[in-house]
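S.K.:
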Amino acid sequence: MNLNQVTIASLNVEKAVVFYKILGLNLIVDALPRYVRFECPDGDSTFSIHNVEELSEENKITLYFEVENLSTTVSELKQKGITFKSEILEQSWLWNEVHLNDPDGHSIIIYHAGKNRKNPPWRLN
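Residue numbers (the working numbering): -7 to 117.
1) Are the CB atoms of ILE41 and VAL90 within a distance shorter than 9 Å?
2) Return helix, strand or coil for THR65, following the three-state DSSP convention.
3) Of all the options GLN71, ASN(-4), LEU17 and MET(-7), which has the alpha carbon lying nearest to the alpha carbon of ASP34?
4) Go ahead and label ILE100 buried or exposed: buried means 16 or more other beta carbons lie within 10 angstroms of its beta carbon, across all protein chains shown.
5) What do you get for ASP36, buried or exposed, if any count of 16 or more other CB atoms within 10 angstroms of its CB means buried?
6) For the candidate residues ALA1, LYS13 and LEU47, whose alpha-carbon lies nearest to that of TYR27?
7) When DSSP labels each residue in this structure, what does ARG29 get in the three-state scheme?
8) How about ASN88 and LEU69: are their beta carbons less than 9 Å apart?
9) Leaving out five residues before and five after ASP22 in sequence, what residues of the same chain have Cβ atoms less than 7 Å from its Cβ?
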């Protein structure tokens, strides 16, 4: 089984498109203002956004995007105007990550974990 896509809700899909393009996702379906779909630059995953009239706090999610070089990515995104909620954090689960929010308040974590993403020392066999 392979994860095909993740879909999130947005109050303003047009604004979300601008944001996720800055993050580096490639727009592959444009049915504005109700729906868009992106392809992640690495791997086979896709990511879509659909328009909603209301978005409650309990319907907001956390998205994780893995990058090879976290420091470079953060620097490049800052130059493009992206604001982060944290500096790079070294987590006890052996990931380095930064936190930010998209225009709708969904939490985004950009991280680098290397081999520890799928194979941490405490992994079950």
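Using N, Cα and C, we set each Cβ at its ideal position, and we do this for glycine too.
M.R.: So, from the data block:
1) No, they are not a contact pair.
2) DSSP, read as helix, strand or coil, puts THR65 in helix.
3) Ranked by how close their Cα comes to the Cα of ASP34, the residues GLN71, ASN(-4), LEU17 and MET(-7) have LEU17 in first place.
4) Classification for ILE100: buried.
5) When all chains shown are included, ASP36 counts as exposed.
6) Relative to the Cα of TYR27, the nearest Cα in the group ALA1, LYS13 and LEU47 belongs to ALA1.
7) Here ARG29 sits in strand by DSSP.
8) At a Cβ-Cβ threshold of 9 Å, ASN88 and LEU69 do not count as neighbours.
9) Closer than 7 Å at the Cβ level, and outside the excluded window around ASP22, lie VAL28.
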